[in-house]
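Start counting the sequence shown at 7; every next residue gets the next number (this note's numbering).
Below is one structure, written out as structure tokens; the observations come after it.
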Amino acid sequence: MPTMANRIAGKLTAQLTPEHLKVIDESHQHYGHAGWREGGETHFRVEIVSAAFTGKSRLERHRLVNAALSEELAGGVHALAIAARAPSEA
């Protein structure tokens with residue numbers, strides 16, 4: 007079974023065709039906080055550069071990422087920090 011980070015990367019790659027993508031599991035930084043559970047894979051940071059974000063607001067970019075990861079957000083991912091940029095902003 008793939009890790010949650012791999013699932014996140016796979017879905018974002020398939021749906022947003024990023025030029026750059028980094029998925030960071032930050033679960034260890036949230037030990038004992040809300041949403042944390044043994045084994046981690048609950049808190050992530052995503053850095054993504056995609057042409058899909060060109061001309062879109064920050065909110066629209068976050069909505070695209072959240073829509074791509076709707077299953078993961080509903081079933082295990084407690085927190086997702088997003089840095090989404092268009093290629094001209096990278």
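No residue lacks a Cβ here, since even glycine has one placed at the ideal position from N, Cα and C.
- By the neighbour-count definition (other C-beta atoms within 10 Å, threshold 16), THR48 is a buried residue.
- A direct Cα-Cα distance of roughly 16 Å separates ALA11 from ALA73.
- Linking GLY82 to ALA90 through their CA atoms gives a straight-line distance of about 22 Å.
- A direct Cα-Cα distance of roughly 32 Å separates PRO8 from SER63.
- In this structure, the beta-carbon distance from LEU86 to PHE50 falls below 7 Å.
- Within the same chain, VAL55, SER56, ALA57, PHE59, THR60, GLY61, LYS62 come within 8 Å of ALA92 by CB-CB distance, once the 5 residues on both sides are set aside.
- In this structure, the beta-carbon distance from ILE88 to VAL29 does not fall below 7 Å.
- One alpha carbon belongs to LEU79, the other to LEU18, and they sit about 13 Å apart.
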